[in-house]
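Sequences listed follow chains R and A, in order.
The numbering of the first sequence is my numbering, which starts it at 1 and goes up by one.
The numbering of the second sequence is my numbering, which starts it at 165 and goes up by one.
Where a beta carbon is used, it is the ideal one built from N, C-alpha and C, also for glycine.
Note that the structure is predicted; figures quoted are calculated from it, not measured.
Take a look at the structure below.
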Amino acid sequence: MVSVLHPQHPDITNDMWNEIDEVIDGRRSQPGSVIAVLRECQAIVGYLPVELIDHIATGLNLSKSRVFGVVSFYSLFSLKPKGRHTVKCCIGTACYVKGIKETLSRIQNEYKLEEGGTTEDRRFSLMSVRCLGACGLAPVMVIDDDVHGDVKPDKVDAILEQYA
Amino acid sequence: MAKTTLEDLKRIKENTSARVESKNAKSLLICGGTGCHATGSIPVKEMLIEEIANRGLNDQYNIIETGCNGFCAMGPILVVHPDGVFYEKVSKKNIEEIVEKHLVNGEIVEKCLYKDPVSKKRIPLQDDIPFFAHQMPRVLRNKGLINPESIDEYIARDGYQGAHKALTGMPPEEIIEQVKISGMRGRGGAGFPTGVKWDFAGKSEGSVKYVLCNADEGDPGAFMDRSILEADPHAVIEGMIIAAKAINASQGYIYARTEYPLAIRRLQTAIDHAREYGLLGDDIFGSGFSFDIDIYQGAGAFVCGEETALMRSIEGKRGMPRPRPPFPAQKGLWEKPTILNNVETLANIPQIILNGGEWYAAVGTETSKGTKVFAVSGDVNNIGLVEVPMGTSLRTIIFDIGGGIPGKRKFKAVQLGGPSGGCIPEQHLDTPVDYEEIAKVGAIMGSGGVIVMDEDTCMVDMARFFMDFIQEESCGKCTPCREGTRRLLQILDKICDGRGKPEDLDALEELSAVIKDAALCGLGQTAPNPVLSTIRYFKDEYLAHINEKRCPAKRCVALLKFEIDPELCQQCGLCSKRCPAGAISWEKKKPAVIDKEKCTKCMTCFSVCRYDAIF
Ligand SMILES: Cc1cc2nc3c(=O)[nH]c(=O)nc-3n(C[C@H](O)[C@H](O)[C@H](O)COP(=O)(O)O)c2cc1C
Ligand code: FES
């Protein structure tokens with residue numbers, strides 16, 4: 001590959017940079033691969049620091065503004081670091097009708113969390129998503145990869161306590 | 165294995181059908197859809213395997229993890245074949261009993277059976293449960309029956325026979341003709357005739373063409389496509405192969421939502437198996453026709469379900485729609501002729517080719533043929549996937565199949581078509597599901613989300629909810645949608661907050677008309693529908709919010725006082741126990757009192773009070 005110097009970044013280790021380069025190398029010749037590259041790199045680092053976006057742009061031979069434009073368009077991508085656990089509350093129609101609003105406000109009150117924000121101890125990040133396709137279990141909350149169904153406000157504490 | 169032939173298909177079918185088709189095969193079908201995984205079907209399956217082994221029943225029973233069974237709210241689901249006994253909400257604790265009692269002694273385990281919400285009777289057989297009995301599974305014919313990760317089991321259910329017929333015996337015109345005869349209309353929402361779309365693309369000049377599958381399923385409250393992909397991924401692949409032959413394309417892409425990891429994994433497994441069998445790749449069935457498929461993952465943008473935006477997204481750009489013409493059939497992905505079809509549309513195709521267009525069209529109404537899959541959810545007893553013939557009434561879907569509204573509450577409205585659709589009230593419940601009839605009552609067929617709402621739902625709040633969704637998902641390219649929906653949302657916010665004025669209703673209607681006319685893509689053009697349909701049927705609720713500053717359903721926080729009516733309060737103390745802020749004081753034999761200083765307005769007390777005493 002074209003040798004590029006890795007920028008310094010506190011959240012990206014050398015091993016991560018190597019993995020990132022592998023991703024970019026593997027996809028360079030595939031047209032339209034930038035979204036896939038961003039997704040895979042975000043999976044490695046946890047979010048997309050600006051330095052990483054620059055590096056990806058150079059690696060794929062795209063302008064920085066083009067890549068940044070893609071990052072800002074899609075809600076999957078985050079420019080900010082996330083907590084150790086990501087709490088996704090579904091605010092799709094079925095979950096809304098079944099009262100996710102109350103569940104969400106309980107989490108916000110008790111953990112002093114804004115939507116899109118992270119707790120000070122970086123334990124939880126809170127996100128809202130639109131329908132996880134598990135409407136049969138509404139209201140639904142996903143923590144990391146675990147789907148929790150029927151999350152009435154009362155159950156929130158017990159569920160979140162399982163994640164340290 | 166190298167190239168699969170018709171003989172191979174027949175042989176695999178014979179060898180495998182012993183399990184899936186035979187009346188005597190003993191199988192334990194445990195649901196492995198997203199819903200059942202979430203309620204714990206994987207540990208249940210592991211426990212089942214262990215128990216069966218302990219009892220030495222290994223040779224007698226096949227344990228199969230199927231795709232989504234469709235009755236999602238009842239998970240984990242276990243169906244025992246050949247009898248078809250349906251066990252719901254099976255936990256690890258129940259396994260020993262089911263194995264001991266049912267499998268060894270032949271007695272049914274009463275307590276794990278489905279209980280009818282109306283008659284309160286337990287029903288042992290899946291086929292007798294009203295939820296299943298009124299359905300007509302065509303697209304869902306394999307759901308809950310086969311292991312979606314086994315290509316052989318798909319072949320055992322006549323899989324890839326349609327593709328064989330199309331590739332080896334039908335010229336493209338004939339394929340298109342059969343799809344036209346079937347009357348198939350796109351199941352992704354717009355209902356455009358599929359055969360006509362293929363005809364356009366088939367006639368477009370070009371040596372490179374694409375077939376795309378829309379698995380973005382962005383409508384919140386819709387999970388038909390997820391279930392199809394999880395339960396029967398090969399049906400979608402086979403549909404794409406046939407579509408490719410019809411328009412002479414050599415490459416296909418499936419654009420899948422990133423929120424559906426299980427569906428994507430199963431789809432990838434299915435593609436890998438199809439390649440191994442030579443059913444994807446070069447010279448399929450020795451017909452000289454070549455075609456392959458790759459998966460593209462979305463990245464969380466609703467508008468990318470729109471066809472031109474989806475193509476831009478595959479190209480690695482911001483997913484913004486562009487004006488048509490040129491239509492994708494002429495200039496689509498990478499400027500090449502392209503067809504895009506929805507998952508359900510494509511999953512129907514193999515059966516249409518195999519049985520003929522007329523077979524398909526024999527069911528349905530004048531303008532809407534075949535069956536449609538609906539995802540029924542919200543305030544309804546039987547939540548899940550429902551496939552019925554077109555022409556079935558909404559009442560049948562909600563009350564006969566869906567089992568009606570839980571508790572003693574009353575039905576208020578049903579929402580069809582997601583953010584582009586509308587709410588239909590009680591008086592129109594006999595409307596048949598048919599593209600034109602549903603449009604007449606102010607909603608759209610849409611992709612199939614059916615959300616039932618009871619009397620505790622505020623219709624103004626629902627309109628606000630959808631507008632909030634649209635406003636957030638508007639890509640910002642055209643002004644009517646970007647600015648217009650923002651303004652609609654502001655007005656609705658105002659009304660919900662108790663700052664509404666009588667003239668606001670006119671403003672909503674006027675602005676809606678402009679957005680409908682002027683927006684660039686379907687997102688904006690249909691965005692006002694939820695507002696217009698709620699004004700049409702629930703004007704009195706808007707007026708209560710505006711004139712009396714009152715929310716009749718008690719959902720709009722700003723219009724609630726957070727006080728307890730001492731007359732209505734039954735002094736049970738439940739609200740006081742549940743209040744997370746400790747704001748409610750209560751002593752035995754006295755009505756509870758809310759301390760407004762401490763109250764965080766979290767609404768917990770409203771949801772727990774059974775006597776409607778809080779206002
Ligand atoms: C904003 C917007 C979102 C859409 N989302 C989807 C979707 O998630 N899935 C889908 O199949 N079609 C969706 N569509 C419809 C597609 O543009 C297209 O009509 C459809 O995929 C064509 O396939 P069909 O003819 O088989 O229905 C959407 C349309 C719009 C305007
Ligand atoms: S609306 Fe929440 S999972 Fe579908």
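Inset, instruction - Taking only runs that begin and end inside the stretch 371 to 402 of chain A, name each unbroken beta strand (DSSP E) of 3 or more residues, in chain order. - result: 374 to 379
Legend entry - Opposing strand residues paired with residue 279 of chain A [DSSP bridges]: A:286
Legend entry - Minimum C-alpha distance to residue 762 of chain A - residue among A:774, A:754, A:450 and A:749: A:749
Inset, instruction - Work out the CA separation of residue 293 of chain A and residue 203 of chain A for me, nearest whole Å. - result: 21 Å
Legend entry - Bridge-paired residues (DSSP) for residue 749 of chain A: A:757
Legend entry - Close Cβ partners of residue 147 of chain R (< 6 Å) along its chain, the five nearest in sequence each way excluded: 134
Inset, instruction - Kindly give me the distance between the Cβ atoms of residue 480 of chain A and residue 34 of chain R, rounded to whole angstroms, as I take these residues to be in contact under 8 Å. - result: 4 Å
Legend entry - Residue-chain proximity (residue 136 of chain R, chain A), Cβ-Cβ < 8 Å: yes
Legend entry - Proximity test, Cβ basis, 8 Å: residue 96 of chain R and chain A: yes
Inset, instruction - May I ask you to report which of helix, strand or coil DSSP gives residue 31 of chain R? - result: coil
Legend entry - Check: residue 490 of chain A C-beta below 7 Å from any heavy atom of ligand 2: no
Legend entry - Range of the contiguous beta strand (DSSP E) that encloses residue 617 of chain A: 613 to 618
Inset, instruction - Decide if residue 729 of chain A is buried, meaning its Cβ has at least 16 other Cβ atoms within 10 Å, or exposed. - result: exposed
Inset, instruction - Just mark residue 553 of chain A as buried or exposed, buried being the case when its beta carbon has 16 or more other beta carbons within 10 Å. - result: buried
Inset, instruction - Compute the Euclidean distance between the alpha carbons of residue 168 of chain R and residue 677 of chain A, then round it to the nearest angstrom. - result: Beyond the ends of chain R as shown, which are 1 and 164, falls residue 168 of chain R; an answer cannot be given.
Legend entry - chain A residues whose Cβ lies nearer than 8 Å to that of residue 46 of chain R: Within chain A, no residue comes near residue 46 of chain R; the closest Cβ sits about 16 Å away, beyond 8 Å.
Inset, instruction - Name, going along the chain, the residues of the stretch 219 to 240 of chain A whose beta-carbon falls closer than 7 Å to a beta-carbon of chain R. - result: 236 and 237
Legend entry - Beta-bridge pairing of residue 225 of chain A - partner residues as DSSP gives them: Residue 225 of chain A is not bridged to any residue.
Legend entry - Separation of residue 145 of chain R from residue 159 of chain R, as counted between CA atoms: 14 Å
Inset, instruction - For residue 74 of chain R, write down the residues that DSSP places opposite it in a beta bridge. - result: Bridge partners of residue 74 of chain R: none, in fact.
Legend entry - Classification of residue 356 of chain A by the beta-carbon crowding that lies within 10 angstroms, buried from 16 upward: exposed
Inset, instruction - Could you check how far apart the C-beta atoms of residue 504 of chain A and residue 376 of chain A are, in whole angstroms? I think they sit under 8 Å. - result: 4 Å
Legend entry - residue 526 of chain A: first and last residue of the uninterrupted beta strand (DSSP E) it sits in: First-last for residue 526 of chain A: undefined, no H or E at that position.
Inset, instruction - Could you check what DSSP says for residue 625 of chain A in three-state terms: helix, strand or coil? - result: helix
Legend entry - Inter-residue Cα distance where the pair is residue 128 of chain A and residue 693 of chain A: Since the first and last residues shown for chain A are 165 and 779, residue 128 of chain A lies out of range.
Inset, instruction - Identify the continuous beta strand (DSSP E) that holds residue 502 of chain A and give its terminal residues. - result: 502 to 506
Inset, instruction - Can you give me the start and stop residues for the beta strand (DSSP E) that residue 211 of chain A sits inside? - result: Where residue 211 of chain A is concerned, there is no enclosing beta strand (DSSP E), although the alpha helix (DSSP H) it sits in stretches over 205 to 218.
Legend entry - Whether residue 347 of chain A touches residue 495 of chain A by CB criterion (8 Å): no
Inset, instruction - Give a yes or no on contact between the stretch 37 to 52 of chain R and the stretch 3 to 12 of chain R, applying the rule of three or more CB pairs nearer than 8 Å. - result: yes
Legend entry - Best match in A:737, A:715, A:474 and A:549 for proximity to residue 538 of chain A [C-alpha to C-alpha]: A:549
Inset, instruction - Can you grab the Cα-Cα spacing for the pair residue 70 of chain R / residue 460 of chain A, in whole Å? - result: 15 Å
Inset, instruction - Answer yes or no: the CB of residue 358 of chain A versus the heavy atoms of ligand 1, is any distance below 7 Å? - result: yes
Inset, instruction - Provide the residue span of the beta strand (DSSP E) that contains residue 417 of chain A, from first to last. - result: 415 to 420
Legend entry - Span separating the alpha-carbon of residue 1 of chain R from that of residue 51 of chain R: Confidence at residue 1 of chain R is low in this model, with a pLDDT of 48, below 50, so its placement is unreliable and the value that follows should be read with caution. The alpha-carbon atoms of residue 1 of chain R and residue 51 of chain R are separated by roughly 19 Å.
Inset, instruction - Return no unless some Cβ of chain A is closer than 8 Å to the Cβ of residue 34 of chain R. - result: yes
Inset, instruction - Using alpha carbons as the reference points, say which of R:27, R:138, R:26 and R:74 lies closest to residue 149 of chain R. - result: R:138
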